[in-house]
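The numbering used here puts the sequence shown at residues 1226 to 1688. Glycine is no exception: its CB is placed at the ideal position from the N, C-alpha and C atoms. All values reported here derive from a predicted model rather than from experimental measurement. Below is one structure, written out as structure tokens, with a few remarks after it.
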Amino acid sequence: MTDKTQNAMWGGRFADGPDAIMEAINASISFDQRLYAQDIAGSRAHAAMLAAQGIISDKDAEAIREGLLTVLSEIETGNFAFSTALEDIHMNVEARLKEIIGEPAGRLHTARSRNDQVATDFRLWVRDRCDEAVGKLSALCMALVGQAEAGADWVMPGFTHLQTAQPVTWGHHMLAYVEMFSRDIGRFTDARKRMNECPLGAAALAGTSFPIDRHATAAALGFDRPAANSLDAVSDRDFALEFLAAASICAMHLSRFAEELVIWSSAQFRFVALSDRFSTGSSIMPQKKNPDAAELIRAKVGRIMGANVGLMMVMKGLPLTYSKDMQEDKEQVFDAADNLMLALAAMDGMVRDMSANRTNLEAAASSGFSTATDLADWLVRALGLPFRDAHHVTGSLVAMAEKKGCDLPELSLAEMQSAHPGITDEVYSVLGVHNSVASRQSFGGTAPDQVRARIVEWKSRLA
Ligand code: ARG
């Protein structure tokens, strides 16, 4: 295959070889070499099936099998010379197979096309990344459950508008992310289920006149069944889009948590200390310890969502079936997957290493009149006030405390009664952040008992 004037794979009708620029725009080997293991697995399943169906001889199938194993080990040991002239991974592997085993290599492509081949390879690759994402998300969830368990009853401010709203527990906040990441696990699992149909045997687009057994190749490659429509099988890339959509949502969740870690680790908050292992220093300011990993995780959603939009734009408007546009599917998915896996691993490491400062969390929770809602609720419960009136009375007490520069529990009973004469000293039992969180016993609420019950459930679900 060194003859420049003709491509050995498809050059029969060509008198001239490709221009260098044509070769540069056409070749995908620089990136699709990542599909080598999937490509060889697909070829092995195809060759075994061809022999079982009597389409090629057992002898040829055996030679192909052996030869493909040699190619695999050459690639894995770095002893394979990838060639741009051979365009892509499919032709690189087949051309090398021919050098190793000779004539039988030419029989491998019977009843097959690069169109069903690439669709199969890519599905196998994306399927593996779904499994990898699920594994990494599960590990991250376990790390978060560990944090939740350590601080199930630690009190911290709960925020709306990034303003202190009501006290919540550290454990509850950690478990909020476990909920999000476990839905991400669900999305990758669903996408995997839907993509697990085998395109191989759809051939170029119409199926084949050879008596192939698509159920056998599908089973050999771990697919649930062969894809039922050959046109769809070679032209669908929605499996990759589903992966990118799930990855984008997951990256968005990571980004929100990363943002919280950036805020929480700042000198103004000091809610958490990140470990040295997951921080960086400044080259000019010796005192600095920067949350760079969190910041980079926060940014990753940009390129991952970008890949999602990018592939959507590649696919929209493509007539059935295959068009070379679809070669542009891979780099974006590779980049998105690489960065998602890295972000998940970095978040997992940060969460395992970080230590929350219980004292600072509690001090912050106690500021900002965070138990005002508890006071209003008490006025409703104990005095039978309508909630709107209770809200108003509480508001006047907040104004009074603000003026005095103290917190609600520090107001005297007489001061309380100046806002509403019915108030008794029982009111002090609901003020204070520990009372507040302990009272939030509604299902899914922040009370430590609720948090501990959820931790037990998560531990058995994630085990
Ligand atoms: N390298 C191509 C891709 O990634 C393989 C399929 C080529 N098929 C074709 N008919 N030219 O899409």
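Exercise. Where does the unbroken alpha helix (DSSP H) through Val1380 begin, and where does it stop?
Worked result: Taken as a continuous stretch (DSSP letters only), Val1380 belongs to no alpha helix (DSSP H), being part of the beta strand (DSSP E) at Val1380 to Thr1385.
Problem set entry | Val1393 vs Leu1430 beta-carbon contact at 9 angstroms | no
Problem set entry | Range covered by the beta strand (DSSP E) that runs through Gln1388 | Gln1388 to Thr1394
For this session: Take Met1641 and list the residues in its own chain whose beta-carbon comes closer than 8 angstroms to its own, dropping the five residues that flank it on each side.
Result: Leu1622, Ile1648 and Val1652
For this session: Would you kindly check if the distance between the Cβ of Phe1464 and the Cβ of Val1605 is under 9 angstroms?
Result: no
Exercise. Taking the Cβ atom as the reference point for each residue, do Leu1469 and Val1343 lie within a distance shorter than 9 angstroms?
Worked result: no
For this session: Give every residue of the same chain whose Cβ lies closer than 8 angstroms to the Cβ of Met1316, excluding the five residues on either side of it in the sequence, and list them in chain order.
Result: Met1234 and Arg1339
Exercise. What residues in its chain sit with their C-beta under 6 angstroms from that of Arg1689, if we drop five residues either side in the sequence?
Worked result: Residue 1689 lies beyond the stretch modelled for the chain, which goes from 1226 to 1688, so this question has no answer here.
Exercise. Should Arg1412 be labelled buried (16 or more other beta-carbon atoms within 10 Å of its own) or exposed?
Worked result: buried
For this session: Taking only runs that begin and end inside the stretch 1293–1363, name each unbroken alpha helix (DSSP H) of 4 or more residues, in chain order.
Result: 1314–1326
Problem set entry | DSSP-derived helix/strand/coil call for Ser1621 | helix
For this session: Just the C-alpha distance for Gly1669 and Ser1407, rounded to the nearest angstrom, thanks.
Result: 16 angstroms
Exercise. Met1381: beta carbon under 8 angstroms from a heavy atom of the ligand ARG?
Worked result: no
Exercise. Got a sec: does the ligand ARG put a non-hydrogen atom nearer than 8 angstroms to the Cβ of Gln1342?
Worked result: yes
Problem set entry | Residue from Ala1336, Leu1687, Trp1379 and Val1359 with nearest C-alpha to Leu1425 | Ala1336
Exercise. What do you reckon, is the C-beta of Asp1554 under 8 angstroms from a heavy atom of the ligand ARG?
Worked result: yes
Problem set entry | Neighbourhood of Gln1666 by C-beta distance below 6 angstroms, restricted to the same chain and skipping five residues each side | Ala1672
Problem set entry | Those runs of the alpha helix (DSSP H) which lie wholly inside the stretch 1231–1283 and span at least 4 residues | 1245–1251, 1254–1257 and 1261–1277
For this session: Report the rounded CA-to-CA distance for Phe1307 versus Ile1314, giving the unit in angstroms.
Result: 8 angstroms
Problem set entry | Entirely enclosed alpha helix (DSSP H) segments - the stretch 1558–1641, minimum 4 residues | 1583–1591, 1597–1608 and 1612–1629
Exercise. Hey, would you say the C-beta of Ser1473 is under 8 angstroms away from at least one heavy atom of the ligand ARG?
Worked result: no
For this session: Report yes if the C-beta of Ser1253 is less than 8 angstroms from at least one heavy atom of the ligand ARG; otherwise report no.
Result: yes
For this session: Taking Gln1675 as part of the alpha helix (DSSP H), name the residues at either end of that continuous run.
Result: Pro1673 to Leu1687
Exercise. Going by the CB atoms, is the gap between Ala1615 and Asp1602 shorter than 9 angstroms?
Worked result: yes
For this session: Please go through the same chain and pick out, in chain order, the residues whose beta-carbon is closer than 6 angstroms to the beta-carbon of Ala1498, but skip the five residues on each side of it.
Result: Ser1580
Exercise. Does the Cβ of Ile1280 have 16 or more other Cβ atoms within 10 Å, making it buried, or fewer, making it exposed?
Worked result: buried
Problem set entry | Heavy atom of the ligand ARG within 8 angstroms of Glu1312 beta-carbon | yes
Exercise. For Ala1498, which beta-bridge partners are listed by DSSP?
Worked result: Ser1580
Problem set entry | DSSP three-state assignment for Arg1462, whether helix, strand or coil | coil
Exercise. For Asp1264, is the beta carbon positioned less than 8 angstroms from some heavy atom of the ligand ARG?
Worked result: no
Problem set entry | Outcome for Leu1543 when other beta-carbon atoms lying within 10 angstroms are tallied against a minimum of 16 | exposed
For this session: Could you tell me whether the Cβ atoms of Thr1598 and Gln1391 are closer together than 9 angstroms?
Result: yes
Exercise. Got a sec, what are the start and stop residues for the alpha helix (DSSP H) His1659 sits in?
Worked result: Val1658 to Ser1664
Problem set entry | Under 9 angstroms between C-beta atoms of Ala1427 and Met1274 | no
Exercise. Which of helix, strand or coil does DSSP assign to Asp1228?
Worked result: The predicted position of Asp1228 is uncertain, since its pLDDT is 48 and thus under 50; a value taken from the coordinates is nonetheless stated next. Asp1228: coil per DSSP, three-state reduction.
Exercise. What does a CB cutoff of less than 7 angstroms around Ala1519 pick up in its chain, not counting 5 residues either side in sequence?
Worked result: Ala1483, Leu1486, Val1487 and Met1575
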